[in-house]
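See below for the structure under consideration.
Residue numbers (this note's numbering): 2 to 246.
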């Protein structure tokens with residue numbers, strides 16, 4: 002998606018302009034999301050300076066969030082993470098995608114499930130909550146149930162406050178598209194996606210977590226609080242499975 006776009010860091014004057022617009026539209030905001038890339042790619046000093054700018058315009062902001070990747074968390078020390086948490090950084094949306102090493106390799110994530118777990122637990126120890134993105138079918142159809150179990154296990158061990166789920170959209174320019182066309186990757190059928198999601202949701206066992214799956218790509222759209230709404234959501238998945246059986 003971003004192969005033709007170059008990464009750049011906005012200069013301070015652009016950040017100020019955006020904060021001015023945000024303040025006009027949301028003067029009492031208590032939360033702000035840093036968009037258009039992985040904010041944690043920036044150095045800690047730069048992020049702390051951005052936090053100072055935010056509070057110059059919006060003194061009531063309590064939570065500063067945004068996108069983050071496991072690889073960029075690896076480059077932050079525990080001290081960095083604590084300083085960021087003290088400045089209001091928390092609840093980043095992390096593109097985990099899977100807890101299965103085979104899937105992580107297919108997706109080119111650049112880390113293993115064990116490395117992801119280590120970084121997520123380190124964030125938690127430093128006081129940061131986080132949400133996780135998972136991609137159903139990312140290991141391919143033959144490994145769909147193994148992928149579901151491994152991903153649920155990693156979710157259970159790390160305890161995100163929210164799980165986003167979606168299915169992949171294979172752009173013609175993507176490596177996964179090439180792999181599918183050349184027989185190196187077997188994409189799930191609609192029924193197989195649903196089988197994987199049923200296994201994933203059944204295996205998630207947390208005292209409290211939001212399950213968020215309303216992205217347009219999903220075959221069945223779900224939104225609920227775990228564990229209270231689990232059976233209702235599973236019933237919806239199973240009803241939808243009968244349409245593809």
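A virtual CB, placed ideally from N, CA and C, is assigned to each residue, including glycine. Everything numeric in this text was worked out from a predicted model, so none of it was measured.
Legend entry - Under the three-state DSSP convention, the category residue 78 falls into: coil
Inset, instruction - For residue 1, write down the residues that DSSP places opposite it in a beta bridge. - result: What the structure shows of the chain is the stretch from 2 to 246, and residue 1 is not part of that stretch, so it cannot be assessed.
Legend entry - Closest Cα partner of residue 151 within the set 221, 235, 9 and 201: 201
Legend entry - Cα-Cα separation, residue 230 to residue 89: 30 Å
Inset, instruction - Can you grab the Cα-Cα spacing for the pair residue 131 / residue 162, in whole Å? - result: 6 Å
Inset, instruction - Inspect the beta-carbon positions of residue 215 and residue 226 and report whether they are closer than 7 Å. - result: no
Legend entry - Pairwise C-alpha distance: residue 203 and residue 157: 12 Å
Inset, instruction - Give the DSSP-derived three-state secondary structure of residue 196 in the structure shown. - result: helix
Legend entry - residue 114 versus residue 14 - alpha carbon distance: When rounded, the distance between both Cα atoms is 39 Å.
Inset, instruction - Check whether the segment 51-70 touches the segment 27-38, taking contact to mean three or more Cβ pairs, one atom from each stretch, closer than 8 Å. - result: Counting Cβ pairs under 8 Å, three or more are found: they touch.
Inset, instruction - Indicate whether residue 101 and residue 140 have their beta-carbon atoms separated by less than 7 Å. - result: yes
Legend entry - Segments assigned beta strand (DSSP E), at least 3 residues, entirely inside the segment 36-81: Qualifying beta strand (DSSP E) stretches, in chain order: 64-69.
Legend entry - Proximal residues to residue 75 (C-beta, below 8 Å), its chain only, five neighbours per side dropped: Only 112, 116 and 120 meet the Cβ criterion.
Legend entry - Buried versus exposed, by CB contacts within 10 Å (16 or more), residue 239: exposed
Legend entry - Other residues of its chain near residue 237: CB distance less than 7 Å, five sequence neighbours each side excluded: 221 and 223
Legend entry - Whether residue 99 touches residue 148 by CB criterion (7 Å): yes
Legend entry - Extent of the continuous beta strand (DSSP E) run through residue 165: Membership of residue 165 in the beta strand (DSSP E) is indicated by the continuous run 163-167.
Inset, instruction - Go ahead and label residue 134 buried or exposed: buried means 16 or more other beta carbons lie within 10 angstroms of its beta carbon, across all protein chains shown. - result: buried
Legend entry - Residue nearest to residue 185 in terms of C-alpha spacing, selected from 83, 55, 54 and 104: 104
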